[in-house]
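Chemist: What follows is a structure written as structure tokens; I'll ask about it next.
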Amino acid sequence: MKLKANGFWSTALLVALAASLSAQAPAPATQAPPAASGEQEKPTFKIQVDLVTQDIVVKDDKGNFIPDLKKEDFEIYEDGLKQDISSMTVVTGGRVTNVLAPPPPPPPEGIILPPTRPKNDVSGRIFVFFVDDLHLQFHNTGRVRDLFKRISKELVHEGDMFGIVSSGPSSIAVDMTYDKSRLDEAIKKIAGSELKPTDIINGPSGAEGPSEVRYRAHVAFSTINDLLTNLEQVHNRRKALIYVSDGYDFNPFQDARLGLMDPNSPFAQNEFARTQNQIQAQQNSDSGGSAAPGTDPFTQQQKQSETFADADLARELGEVTRQANRANVTMYTIDPRGLVGMGDIDEQVDPQQWNEYIRKSQDSLRVIAEETGGVAVVNQNDFSKALKRIDAETSDYYVLGFYSKNPDATKRRRQIEVKVARKGAQIWSRKEYVLKAPPVASSQRK
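When we follow this note's numbering, the leftmost residue of the sequence shown carries the number 715, and every step to the right adds one.
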């Protein structure tokens, strides 16, 4: 699913088209001297250096934004090497001021195109709302809708550009727009469709654990990657992605799924797996082996294969956050469940396994937010306070740009550190960015 916007996406495509036309334009017709028969044509190497932009929120010890910083007050380090700041934009209250514009790129070879006209669309705030309804409980649908009504009232203001997309059956896909009525219409369509704990416990499991759990997570991550790819085309604006989800856990309720709990336990577990474990344990006992359930080779192999579930989740979350950092997008995650207590009465899930499930799912939301310079709103019921913080951070900020001094394209992942020469100043910004993968040579595609 791809998100489109008539203003920003089309402008980026026109620029790319103009660049491709200039690259494909024929050179002036001159008679080239014949090459010597014994000589081979020497390869030509080209290096493209793109402007790296960094969103920065600077506050004093009282939590107020500091709006009067100059270029000389900032220092940017990439992998420990100080960089030269080439551009600087200050946004205060949504008003954009270009303090230092980046130098124009060198003209391309061939046809020299006239300079492009400045864009009239200078929206200071860009929001994308991601409704991960595949990971939102159905009985919390009313709570989620109330959250988005509050977002529409307290976060989205006149002149803000926004879009909203869902991952599942809510089928929401609103292109970038200024019309808040489109958001109000989308809110009415939101409905959670997350798997219940008993669905996970009694559902089928593959070699890596519950297959449906992974499939749903992959759909959500794929949707997010499409959004981030589109947002990468927008420059010199702070781009905020509001990520509403219950979070992710690739290995939930393992003992209950594998039937390894006490047979007399009042809590839910997979009865088929429990029966198989009891039969296998009885056979082991008859042959002189251990009579403890879960000691058979099949169950041990299943547990061992699921050992790497947490590592797999961390890897996939890392791919999402690296894509967000490459697009310079700040992600704010919100758990609409609020302060989570015990599980539902009709689910009867073991409390210890339930708490572990909640902890892992909330930790996944923390990783997404913290690795992209955002904030995770988890385990709290005061959403208004969190929305006020998001509103402030997206209204007052700096955008600094620099051209990396490291031309090595193979060094894709790069750490960023920002320092401010102002006593008591606190900084919020992304910690790293990742270069795009180099294009595959035509000889390697064959």
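Note that CB positions come from ideal geometry on N, CA and C, so glycine has one too.
As the structure is a computational prediction, the values presented were derived from the model and not from experiment.
Of all the options LYS1145, GLY1138 and PRO1121, which has the alpha carbon lying nearest to the alpha carbon of GLN1129?
Modeler: Taking the sequence shown and counting its residues from 1, the one referred to as residue 1129 is at position 415. For GLN1129, the nearest C-alpha among the options comes from LYS1145.
Chemist: Spatial neighbours of ARG896 within its chain, please: CB distance less than 7 Å, with the 5 preceding and 5 following residues excluded, ordered by chain position.
Modeler: For this step, residue 896 is matched to residue 182 along the sequence shown. Excluding residues within five positions, the ones whose Cβ falls inside 7 Å are VAL888.
Chemist: For GLN1094 and GLU1030, I'd like the C-alpha separation in whole angstroms.
Modeler: Residue 1094 sits at position 380 when you count from the first residue of the sequence shown. Residue 1030 sits at position 316 when you count from the first residue of the sequence shown. Between GLN1094 and GLU1030, the C-alpha separation is close to 26 Å.
Chemist: Decide if LEU735 is buried, meaning its Cβ has at least 16 other Cβ atoms within 10 Å, or exposed.
Modeler: Position 21 of the sequence shown holds residue 735. Confidence at LEU735 is low in this model, with a pLDDT of 39, below 50, so its placement is unreliable and the value that follows should be read with caution. Answer is exposed; the Cβ neighbour count stays below 16.
Chemist: So the beta strand (DSSP E) GLY856 belongs to, where does it begin and stop?
Modeler: Along the sequence shown, one-based indexing puts residue 856 at 142. Taken as a continuous stretch (DSSP letters only), GLY856 belongs to no beta strand (DSSP E), being part of the alpha helix (DSSP H) at 855 to 868.
Chemist: For PHE967 and ILE915, which I take to be in contact (beta-carbon distance under 8 Å), what is that distance rounded to the nearest angstrom?
Modeler: As a first step, residue 967 must be located in the sequence shown, where it is residue number 253. As a first step, residue 915 must be located in the sequence shown, where it is residue number 201. The pair is a contact, with the Cβ atoms about 5 Å apart (cut-off 8 Å).
Chemist: Do the region 785 to 798 and the region 1103 to 1119 meet, that is, are 3 or more Cβ pairs less than 8 Å apart?
Modeler: yes
Chemist: Flag this pair as yes or no: are the beta carbons of MET802 and TYR1112 separated by less than 9 Å?
Modeler: Taking the sequence shown and counting its residues from 1, the one referred to as residue 802 is at position 88. Taking the sequence shown and counting its residues from 1, the one referred to as residue 1112 is at position 398. Against a cut-off of 9 Å, the Cβ pair of TYR1112 and MET802 comes out as a contact.
Chemist: For VAL1134, which of helix, strand or coil comes out of DSSP?
Modeler: For the purposes of this step, residue 1134 is taken as the residue at position 420 of the sequence shown. DSSP, reduced to helix, strand and coil, places VAL1134 within a strand of the structure shown.
Chemist: Taking all protein chains shown into account, do 16 or more other C-beta atoms lie within 10 angstroms of the C-beta of THR1124, making it buried, or fewer, making it exposed?
Modeler: The count along the sequence shown starts at 1 and reaches residue 1124 at position 410. By the 10 Å Cβ count, THR1124 comes out exposed.
Chemist: Give the single residue among GLU1085, ALA1139 and ALA1028 whose Cα lies nearest to the Cα of ILE780.
Modeler: Stepping through the sequence shown from its first residue, residue 780 is reached at position 66. If we check each option's Cα against that of ILE780, ALA1139 comes out closest.
Chemist: Pair every Cβ in the region 1073 to 1088 with every Cβ in the region 1028 to 1042, then say whether three or more of these pairs are closer than 8 Å.
Modeler: yes
Chemist: Classify ALA743 as helix, strand or coil using the three-state DSSP reduction.
Modeler: Your numbering for residue 743 matches position 29 in the sequence shown. Low per-residue confidence applies at ALA743: pLDDT is 47, beneath 50, and the placement is therefore not dependable, though the value from the model is reported in the following sentence. DSSP places ALA743 in coil when its eight states are reduced to three.
Chemist: Using only the alpha-carbon positions, how far apart do PHE722 and PHE986 sit?
Modeler: The count along the sequence shown starts at 1 and reaches residue 722 at position 8. The count along the sequence shown starts at 1 and reaches residue 986 at position 272. Note that PHE722 scores a pLDDT of 44, beneath 50, so its modelled location is shaky; the value from the coordinates is reported in the next line. Taking the straight line from one Cα to the other gives about 54 Å.
Chemist: Count Cβ pairs between the region 1099 to 1109 and the region 968 to 979 that sit closer than 8 Å; are there 3 or more?
Modeler: no
Chemist: Within a Cβ cutoff of 8 Å, which residues of the same chain sit near PRO980, ignoring the five residues on either side of it in sequence?
Modeler: Position 266 of the sequence shown, counting from 1, holds the residue named residue 980. GLN1062.
Chemist: Between the C-alpha atoms of GLU792 and GLU1131, what's the straight-line distance to the nearest angstrom?
Modeler: As a working mapping, residue 792 is identified with position 78 in the sequence shown. As a working mapping, residue 1131 is identified with position 417 in the sequence shown. So the alpha carbons of these two residues sit roughly 7 Å apart.
Chemist: Taking only three categories from DSSP, how would you classify LEU945?
Modeler: By one-based count along the sequence shown, residue 945 stands at place 231. In the structure shown, LEU945 sits in a helix (DSSP, three-state: H, G or I).
Chemist: What's the call for SER1109, buried or exposed, on a 16-neighbour Cβ count within 10 Å?
Modeler: Here residue 1109 corresponds to residue number 395 of the sequence shown, with the count starting at 1. Per the 10 Å Cβ criterion, buried.
Chemist: CB-CB under 6 Å to ALA1090, same chain, minus the five flanking residues each way: which ones, in chain order?
Modeler: The residue you call residue 1090 lines up with position 376 of the sequence shown. Excluding positions up to five away in sequence, the list reads THR1047, LEU1079, ARG1080 and ALA1083.
Chemist: Rounded to the nearest angstrom, what separates ASP1122 and VAL771 at their Cα positions?
Modeler: In the sequence shown, the residue the question calls residue 1122 occupies position 408. In the sequence shown, the residue the question calls residue 771 occupies position 57. Rounded to the nearest angstrom, the two C-alpha atoms are 29 Å apart.
Chemist: Short check: CB of TYR957 to CB of ILE938, under 9 Å?
Modeler: As a working note, residue 957 is residue 243 in the sequence shown. As a working note, residue 938 is residue 224 in the sequence shown. Yes, these two residues count as a Cβ contact at 9 Å.
Chemist: Could you check the C-alpha separation between ASP1105 and VAL1043 for me, to the nearest Å?
Modeler: Locating residue 1105 in the sequence shown gives position 391, counting from the first residue. Locating residue 1043 in the sequence shown gives position 329, counting from the first residue. Going from the Cα of ASP1105 to the Cα of VAL1043 covers about 15 Å.
Chemist: Considering only DSSP beta bridges, list what VAL766 is partnered with.
Modeler: Position 52 of the sequence shown, counted from the start, is the residue given in the question as residue 766. VAL766 is bridged to PHE1116.
Chemist: Quick check on PRO924: does DSSP put it in helix, strand or coil?
Modeler: Your numbering for residue 924 matches position 210 in the sequence shown. Under the three-state reduction of DSSP, PRO924 is assigned to strand.
Chemist: Who are the Cβ neighbours of ASP847 in its own chain at under 7 Å, not counting the five residues just before and after it?
Modeler: On the sequence shown, position 133 is the one that residue 847 refers to. Correct list, in chain order: SER880, SER881, GLY882, PRO883, SER884, ILE904, ALA905, GLY906 and SER907.
Chemist: Please state whether the Cβ-Cβ distance between ILE840 and ALA954 is less than 9 Å.
Modeler: Start at 1 with the first residue of the sequence shown, and residue 840 comes out as number 126. Start at 1 with the first residue of the sequence shown, and residue 954 comes out as number 240. Closer than 9 Å, so yes.
Chemist: Within a Cβ cutoff of 6 Å, which residues of the same chain sit near GLU1107, ignoring the five residues on either side of it in sequence?
Modeler: Numbered from its first residue, the sequence shown carries residue 1107 at position 393. For GLU1107, where only same-chain residues beyond five positions count, the Cβ hits under 6 Å are VAL771.
Chemist: Short of 7 Å in beta carbon distance, which residues of its chain neighbour LYS894, apart from the five on each side in sequence? Order them along the chain.
Modeler: Here the question's residue 894 lines up with position 180 in the sequence shown. Same-chain partners within the cutoff: SER866 and VAL870.
Chemist: Can you give the beta carbon distance from GLY1087 to SER1019, rounded, assuming they're within the 8 Å contact cut?
Modeler: Along the sequence shown, read from residue 1 onward, the residue named residue 1087 stands at position 373. Along the sequence shown, read from residue 1 onward, the residue named residue 1019 stands at position 305. So it is not a contact: roughly 35 Å between Cβ atoms.
Chemist: Judging by CA-CA distance, which residue of GLU786, LYS902, LEU850 and GLN1066 is the nearest neighbour of VAL927?
Modeler: Reading the sequence shown from its first residue, position 213 is the one you call residue 927. Of GLU786, LYS902, LEU850 and GLN1066, the residue nearest in Cα terms is LEU850.
Chemist: Roughly how far, in whole angstroms, is the beta-carbon of ILE901 from the beta-carbon of ARG952, given that I think they are within contact range, below 8 Å?
Modeler: Start at 1 with the first residue of the sequence shown, and residue 901 comes out as number 187. Start at 1 with the first residue of the sequence shown, and residue 952 comes out as number 238. With a Cβ gap of about 24 Å, ILE901 and ARG952 do not count as contacting.
Chemist: Per DSSP, TRP1068 is paired with what?
Modeler: Indexing the sequence shown from 1 puts residue 1068 at position 354. Paired residues: none, contrary to the question.
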